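Number of protein chains: 2
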Amino acid sequence: SVRLDAVTKVYAVSGQELPALRGISLEINPGEVLALVGSSGSGKSTLLHLSGLLDRPTTGSIFYENRRVDQLSPSERAVLRSRRVGFVFQNFQLIPRTTALENVEMPLLYQGVPSRERHERARMLLSSVGMSDRERNFPSQLSGGQQQRVAIARALAASPGLLLADEPTGNLDSRSASSILDLLLTLKERSGMTLVLVTHDQELARVAKRLVRVRDGLLEGS
Amino acid sequence: SVRLDAVTKVYAVSGQELPALRGISLEINPGEVLALVGSSGSGKSTLLHLSGLLDRPTTGSIFYENRRVDQLSPSERAVLRSRRVGFVFQNFQLIPRTTALENVEMPLLYQGVPSRERHERARMLLSSVGMSDRERNFPSQLSGGQQQRVAIARALAASPGLLLADEPTGNLDSRSASSILDLLLTLKERSGMTLVLVTHDQELARVAKRLVRVRDGLLEGS
Ligand SMILES: Nc1ncnc2c1ncn2[C@@H]1O[C@H](COP(=O)(O)OP(=O)(O)OP(=O)(O)O)[C@@H](O)[C@H]1O
Ligand SMILES: Nc1ncnc2c1ncn2[C@@H]1O[C@H](COP(=O)(O)OP(=O)(O)OP(=O)(O)O)[C@@H](O)[C@H]1O
Ligand SMILES: [Mg+2]
Ligand SMILES: [Mg+2]
Chain H
-13 SVRLDAVTKV
-3 YAVSGQELPA
7 LRGISLEINP
17 GEVLALVGSS
27 GSGKSTLLHL
37 SGLLDRPTTG
47 SIFYENRRVD
57 QLSPSERAVL
67 RSRRVGFVFQ
77 NFQLIPRTTA
87 LENVEMPLLY
97 QGVPSRERHE
107 RARMLLSSVG
117 MSDRERNFPS
127 QLSGGQQQRV
137 AIARALAASP
147 GLLLADEPTG
157 NLDSRSASSI
167 LDLLLTLKER
177 SGMTLVLVTH
187 DQELARVAKR
197 LVRVRDGLLE
207 GS
Chain D
-13 SVRLDAVTKV
-3 YAVSGQELPA
7 LRGISLEINP
17 GEVLALVGSS
27 GSGKSTLLHL
37 SGLLDRPTTG
47 SIFYENRRVD
57 QLSPSERAVL
67 RSRRVGFVFQ
77 NFQLIPRTTA
87 LENVEMPLLY
97 QGVPSRERHE
107 RARMLLSSVG
117 MSDRERNFPS
127 QLSGGQQQRV
137 AIARALAASP
147 GLLLADEPTG
157 NLDSRSASSI
167 LDLLLTLKER
177 SGMTLVLVTH
187 DQELARVAKR
197 LVRVRDGLLE
207 GS
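Sequence lines, in order, name chains H and D. Mapping the first sequence onto the working numbering, position 26 (from 1) lands on 12, and the numbers just tick up by one. Mapping the second sequence onto the working numbering, position 62 (from 1) lands on 48, and the numbers just tick up by one.
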């Protein structure tokens, strides 16, 4: 479980302070499917990044199973992330001039998984997002939605207990989007993976058991 | 008007040929609102790029008002584009470490518009996409949807007769998306701008007078 306690995030922007999150307290329960919605610029990606320990709050605390984690060093956070968290970025952040297969293998490489097992798992994941015929291509040779699917496969590579997905179907037609959603829900059923989905897509939000709305750096609802 | 005649596009990918468009004939009429839909990887972005002369077909012809344009040199195409076409890229393609305002001014700078007039027009456009308070920020300091809105403002800067928009609301909540759509339709009413929208969003597709579906590099419907 992940808990945020009075979390704020202030960015320094052209000499001014921009309060992106203004006091967020949120409990994410194991195995739940949580949708995060809200207008453009409201703070959703920032909230997701902090929840995944990709960045640190300005004030407030973050707990993974009641252990305080926001104060860990960057390398401690990296180790914890690699074991526990899968992240799908809003802009994918695939590694250029690196094949789809190698991109998906990256989290497993980081964990020291042997190459044969890495290949097999990455291949299986690419197939489950409909990308097996393109595994040897670079991101620049793929369409927007194809890149998005590779990013999703990569996030699932190390079987994370927590998947944080930032607009994971934003570049997908409705059929590809449903198929991705089915995949994520199936994995959740099988492994108890917790799913936090930032989305503008009403269909996706509807599937979630719980919906939290971000407005101007604060939470509405629960 | 834009006409595509038996257009194909083949990419060379890891030693193989990938036929992204397999024979597209399409007439885009002045002032119309055309939605381009189809599954991920079907060829929509490729079709849009060729229509905007950002790339050349492998075979086939492209005409702007009955003048053959696909055979022009890169610099001739760049000049024609700068006068006639606004393009919103699926991945925005904003210039890093360059402010939102400077990004929006770019097409006007290219055309030699004097700086005061450039500033005023860019400011007005940023305001119309709800981004005036962020004009001095870099793309990396903006949310996904904020970057998308800056990209839209830039595409409109030189008052193009043809706007080609690749998933222009993919990162926007429904209210921001409607407001962008209203802006585009208003501009179309006033100036007769032709709108071609690649979209996965059913709401956006519904607004279009005409819908064309791309499937595996070919067109269905008309
Ligand atoms: N530069 C490239 N090199 C090789 N193949 C490419 C390149 N660009 C696109 N393709 C391939 O051409 C096909 C069509 O791509 P395109 O980007 O037009 O699809 P799309 O309909 O826009 O998809 P999406 O909805 O996912 O954005 C895809 O199979 C894609 O992988
Ligand atoms: N690195 C940064 N530096 C400065 N400001 C930032 C930075 N990242 C985000 N912001 C600002 O913080 C606020 C929240 O951004 P965030 O990316 O969390 O929004 P969002 O809800 O994900 O929006 P969208 O739906 O458009 O993706 C925005 O005003 C944004 O401009
Ligand atoms: Mg975001
Ligand atoms: Mg595309």
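Glycine is no exception: its CB is placed at the ideal position from the N, C-alpha and C atoms. Treat the numbers as computed from the prediction; the structure is a model and nothing was measured.
Determine the extent of the alpha helix (DSSP H) in which residue i is found, giving its start and end residues.
| i | result |
| --- | --- |
| residue 93 of chain D | 86 to 96 |
| residue 168 of chain D | 160 to 177 |
| residue 32 of chain D | 30 to 37 |
| residue 189 of chain H | 188 to 193 |
| residue 61 of chain H | 60 to 70 |
| residue 138 of chain H | 130 to 142 |
| residue 103 of chain D | 101 to 114 |
Could you give the first and the last residue of the continuous beta strand (DSSP E) run that contains residue i?
| i | result |
| --- | --- |
| residue 5 of chain D | 2 to 14 |
| residue 47 of chain H | 45 to 50 |
| residue -11 of chain H | -12 to -1 |
| residue 201 of chain H | 196 to 201 |
| residue 180 of chain H | 180 to 184 |
| residue 280 of chain H | As shown, chain H starts at -13 and ends at 208. That puts residue 280 of chain H outside it, with no answer to give. |
| residue 40 of chain H | Careful: residue 40 of chain H lies outside any beta strand (DSSP E) and carries neither H nor E. |
| residue 206 of chain D | 204 to 206 |
| residue 149 of chain D | 148 to 152 |
Could you name the residues of chain H that residue i contacts, counting a contact when the two beta carbons are closer than 9 Å?
| i | result |
| --- | --- |
| residue 203 of chain D | Correct list: empty, because the minimum Cβ distance to chain H is about 12 Å. |
| residue -3 of chain D | 127 |
Just to check my reading of the structure: residue i and residue j have Cβ atoms closer than 8 Å, yes? What is that Cβ distance to the nearest angstrom?
| i | j | result |
| --- | --- | --- |
| residue 87 of chain H | residue 194 of chain H | In fact, because the Cβ distance is near 31 Å, the residues do not count as touching under 8 Å. |
| residue 32 of chain D | residue -6 of chain D | 10 Å between Cβ atoms; not a contact. |
| residue 93 of chain D | residue 68 of chain D | 6 Å |
| residue 96 of chain D | residue 70 of chain D | Actually they are not in contact, since the Cβ atoms of residue 96 of chain D and residue 70 of chain D sit about 13 Å apart, beyond 8 Å. |
| residue 159 of chain H | residue 38 of chain D | Not quite, the Cβ-Cβ distance comes to about 22 Å (not below 8 Å), so this is no contact. |
| residue 112 of chain H | residue 155 of chain H | Not quite, the Cβ-Cβ distance comes to about 17 Å (not below 8 Å), so this is no contact. |
| residue 209 of chain H | residue 203 of chain H | There is no way to answer for residue 209 of chain H, as the model of chain H reaches only from -13 to 208. |
| residue 116 of chain H | residue 135 of chain H | 6 Å |
| residue 170 of chain D | residue 10 of chain D | Contact doesn't hold; Cβ gap of about 24 Å is too wide. |
| residue 132 of chain H | residue -13 of chain D | Residue 132 of chain H to residue -13 of chain D, Cβ: 31 Å. No contact. |
| residue 66 of chain D | residue 74 of chain D | Not confirmed; about 18 Å, so no contact. |
| residue 151 of chain D | residue 184 of chain D | 7 Å |
| residue 148 of chain H | residue 172 of chain H | In fact, because the Cβ distance is near 17 Å, the residues do not count as touching under 8 Å. |
| residue 200 of chain H | residue 30 of chain H | 5 Å |
| residue 120 of chain H | residue 128 of chain H | 6 Å |
| residue 104 of chain H | residue 118 of chain H | Rounded, the Cβ-Cβ distance is 16 Å, inconsistent with contact. |
| residue 12 of chain D | residue 34 of chain D | Their Cβ separation, rounded to whole angstroms, is 11 Å, which puts residue 12 of chain D and residue 34 of chain D out of contact at 8 Å. |
| residue 137 of chain D | residue 107 of chain D | Actually they do not touch by this definition, with Cβ atoms about 16 Å apart. |
| residue 145 of chain D | residue 114 of chain D | In fact, because the Cβ distance is near 13 Å, the residues do not count as touching under 8 Å. |
| residue 251 of chain D | residue 76 of chain H | The structure shown does not extend to residue 251 of chain D, since chain D is modelled only from -13 through 208, so no value can be given for it. |
Who are the neighbours of residue i on chain H, taking C-beta pairs under 7 Å?
| i | result |
| --- | --- |
| residue 122 of chain D | 0 |
Residues of chain D with CB closer than 8 Å to the CB of residue i, please, in chain order.
| i | result |
| --- | --- |
| residue 160 of chain H | 186 and 188 |
What residues of chain H sit near residue i, judged by a beta carbon separation below 8 Å?
| i | result |
| --- | --- |
| residue 157 of chain D | 26, 76, 153, 156 and 186 |
| residue 31 of chain D | 129 and 130 |
Examine chain A for any beta-carbon lying closer than 8 Å to the beta-carbon of residue i, and answer yes or no.
| i | result |
| --- | --- |
| residue 159 of chain D | Structure shown: chain A not included; protein chains present are H and D. |
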